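The block underneath contains the structure these notes are about, expressed in structure tokens.
Numbering (my numbering), first residue to last: 4 to 1156.
Have a look at this one:
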């Protein structure tokens, strides 16, 4: 039975490929090519017919989902979308290009292939010449660039000749049928009143109007007020069944009937005559939904005198019609600027620079957009300073200073700013060709190290260039909160739209939609055993990939209820604790989804997220925010959340219920003012925001005198319909921000800050047993570090520092980060906070009391800074209204610190690149990453048998490309990690530069990789499959030193059976973290932080104390790299000459035969 999950996963993958193969038999235009008769092109050259395009389009990255076994090689578009995600290929590709994994065209290798851009590519073994089988192909697709709408035309005339009507306006798309959205817009208009009936004069005494008020699902709405158009008075009120009667309304009058009820939008309809004296009407009311932003204004850079347009678009029920715009927090005059959803500023002046945001209103409330900044440059003022900023990189240890301390080199960087957009003739919401400040020119330098010269390229000049696309990427894994088991094939919703599934291992990858501010994802367990998991995941809009681990909470065991009886379900079942409250379902409360009563047995599952248990914080849904009256996001402080799942026993049909009573034990609400402020909320899964459902009132006992020991409850009401997640929360206004930074090591060097780390802050309640509150936590927040760290919201108190405390943790790609120590006492220089504020905050790392505890977080008192105290004016805690000050605080200001634990890992690139800033990529042949939009990480697993841990270096140089052969790409050092199950055995996962195309996409390079353990080591074994593969794919690496291992790296992603781990991702950091996790685990789809040295290794070394008379290749490269590389090149040349002589001799013998 243990082998069933891998078999199931394999079957699912095979089913997708098999389904893709079956789809190739469908009708459709298909291209077929016989390579034997086509014109042969050099490997790597693009097909000329695929490069001439009249319309704006671009190529995707390369995909490879199948290998040429069985019937052939099938690169189905459906399978590509399944494995890589639906967003990676456009809905209607224009063309398809296929190449072998050796970058040859089908015509070059002489194979018959088929392709269709809407279905994919396939090569059948049975169609090939005798003795041949299909090569391994990868494909890419040509996709059109998104077209833009032109400006709206003028409004047309109002329809009709009198009374209400509508008018239209239209816009055109530059590329027909490719622009998103509608080509026309409708607006209501009113002409003079039509002659005829007037209010109070057009009546028919014998006639009657019969109507009903319902929801879109058909549920009746009692208590609705009914109006007739033109009459301000209420003419009827709907009864318990949602129906009403209005006598005296003429059957053929066509008068508009409207209805209104609290919590729903106003609805209107026209009656239809069903006889000569009666008419019927049904008015449908939609539940009011607060507005939510679909488009936020975006920051812009302009020169004085240019124009700019900011755009803001909100949705909700009813659709928001009122918009206001603010400049630096001041409301702009609507009459002066004539704005609506767009704010257009013409002939910009310097005083118009600053921040802009919008607000949108409907009947349910308001919402505030994110803030956009406008930079107005004076004439002649450069947006991009050509002189690069300082950026220090650490040099290898043998390039250190004389005193042994590490040496750093300033390689320069360009500021992360945007350049002025083009001068557009009409208003545009997006710049058609964005430009950014980036590298314009590099210059080569040399660094003298111990016995060798290290090449490096530094930034010499910056200028405005086309921006690299910024793709926010979120990757993660969904696991059970109680057992850690993955959620297999859980459906993923973005808002309300399904976008994919998790893998068998629970993994997922999401590309963040452009201009998104909140990423709201819902994970639906197909087995029904887990709650719907709604998460608001922080991401980095600059393009850095972020990793999240999602905890799904298992549902409670179902209980069977009698629908005809009153039922009580406890909320909270902690051991040795009384429940927080209870859910009371009165008899006759259950209904089917169509509104019909249900009286059968009910299967109920009520799962409570209890804040008295700190472990539940990681599984709590959403991010505990709501929209306040001003339309701004505000935090909530929870007393517990619960999920309700009601189904008809036997059929499993979902049931509604209501009204349902929620009773909260009054003794659980002890903090002053909280009993009066407590509210019942429901979660909107499309926005991730909580909306108020009900207030609470103190229950008044009835009947005999109540005994003192009886519990007193606060009572609220709710209806259980589409929304199934509820919250017992109190809005909290004592708020602050906490500044946190993440560093590459515990030296906390400012130039080695790490972007893309997820920092989480959990608001803890006072210490256990504190009389004011029995809870362990009140809320939680997460943020992603950028180039200037992260600011996390938290509750705070100015008078009592210990009124609120917080637990702060940080992870990077699943790796736990370590904060500064606090034993025996916290040091200001280490923690990053000066005295006496540090003592007031009470900083304690998690291992402060017990060194055996994990060092993965710290606790602090949330002491709000006191006004007028200069020692508390510069962080790390900032007042709520000082968010911008927190975000822009210099690195010298107070802040809390985390560092990566993996200090024994070193990276050096000849061409500098900041992985947290994709825009820093430079088009250079020696760039480690050849493609700034797709990053391929390669690792080799090295097993070492020896008494200690050893540093292992990977030297990556050009191997087969004429422009880079023999030149260094970079160095990677990694210390081996002990296997806890094996004695005297460790292993290292060492990164090397992947083989493949360089930045010009013209010719592939087989990277020459040399693996060298530091110390007296000799190679004892090479993976058999890897050795055979390298032998079948010449040229071979030189006859290398037995103390090292050299190879021309494979172009194929081989996998754990070869000891080579390859991961392709849109984020370099995520690609590396995933590859390292698989390498540690020794599998192609697992993830581990515990080294398994005997699984999936490529090469094995035996190490001991170094002999005095034999330097290793590692030492030879350090002491005399020119001589060592010369020996390698000479041996490579000798091997090539020997191979050429052997091939010539073989041809001679064949000729004689």
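Heads up, the beta-carbon is just placed ideally off N, CA and C, and yes, glycines get one too.
From a predicted model like this one, the values you see are computed outputs, not experimental measurements.
Under the three-pair Cβ rule at 8 Å, the region 1001-1015 does not count as touching the region 1085-1092.
C-alpha of residue 686 to C-alpha of residue 160: approximately 43 Å in a straight line.
Annotated three-state conformation of residue 1080 is helix, per DSSP. When only Cα atoms are considered, residue 227 and residue 350 end up about 52 Å apart. Pairing residue 323 with residue 291, the inter-Cα distance amounts to about 11 Å. Residue 158 is classed as exposed because its beta carbon has fewer than 16 other beta carbons within 10 Å across all chains shown. Each residue's CA atom was taken as its position, placing residue 74 and residue 515 some 37 Å apart. In this structure, the straight-line span from the alpha carbon of residue 500 to that of residue 1031 is close to 48 Å. Taking a C-beta distance under 9 Å as the contact criterion, residue 788 and residue 757 qualify as a contact pair. For residue 284, the enclosing beta strand (DSSP E) has its first and last residue at 281-287.
For residue 739, the enclosing beta strand (DSSP E) stretches over residues 738-746. Partner residues in the beta bridge of residue 732, as assigned by DSSP, are 641, 682.
According to DSSP, residue pairing for residue 158 in a beta bridge does not occur. DSSP places residue 1059 within a helical segment (H, G or I) once states are collapsed to three. Going by beta carbons, residue 843 and residue 822 fall outside the 9 Å limit. Beta-bridge pairing by DSSP links residue 782 to 766.
The Cβ atoms of residue 355 and residue 312 lie no closer than 9 Å to each other. Contact check for residue 402 against residue 451 passes: the beta carbons are separated by less than 9 Å. In the structure shown, residue 794 falls within a strand segment according to DSSP collapsed to helix, strand and coil.
Counted as a single uninterrupted DSSP element, the alpha helix (DSSP H) harbouring residue 339 occupies residues 337-340.
The DSSP assignment places 325-330, 345-348, 357-365, 368-371, 375-380, 395-397 as complete runs of the beta strand (DSSP E) inside the region 320-407, in order along the chain (cut-off: 3 residues). Within the same chain, 791 come within 8 Å of residue 891 by CB-CB distance, once the 5 residues on both sides are set aside. With a contact defined as Cβ atoms closer than 8 Å, residue 497 and residue 372 miss out at about 20 Å. By the neighbour-count criterion, in which 16 or more other beta carbons inside 10 Å mark a residue as buried, residue 1026 falls on the buried side.
Residue environment: residue 331 is assigned as exposed (fewer than 16 neighbouring CB atoms within 10 Å of its CB, all protein chains considered). Residue 725 is classed as exposed because its beta carbon has fewer than 16 other beta carbons within 10 Å across all chains shown.
For residue 552, the enclosing beta strand (DSSP E) begins and ends at 549-555. Per DSSP, reduced to three states, the secondary structure at residue 420 is coil, with no helix or strand assignment. In this structure, the beta-carbon distance from residue 469 to residue 440 does not fall below 9 Å. Per DSSP, the continuous beta strand (DSSP E) segment holding residue 662 begins and ends at 659-668. If you draw a straight line from the Cα of residue 530 to the Cα of residue 767, it comes to about 34 Å.
Beyond the five residues adjoining it in sequence on each side, residue 866 comes within less than 6 Å, by CB distance, of 804, 843, 844 in the same chain, given in chain order.
Taking a C-beta distance under 9 Å as the contact criterion, residue 918 and residue 1071 qualify as a contact pair.
With distances taken between CA atoms, residue 92 lies nearest to 122 out of 122, 108, 321.
A contact between stretches requires three or more CB pairs, one per stretch, nearer than 8 Å, and the region 458-466 fails this requirement with the region 488-495. Here residue 449 is exposed. Its C-beta has fewer than 16 other C-beta atoms within 10 Å.
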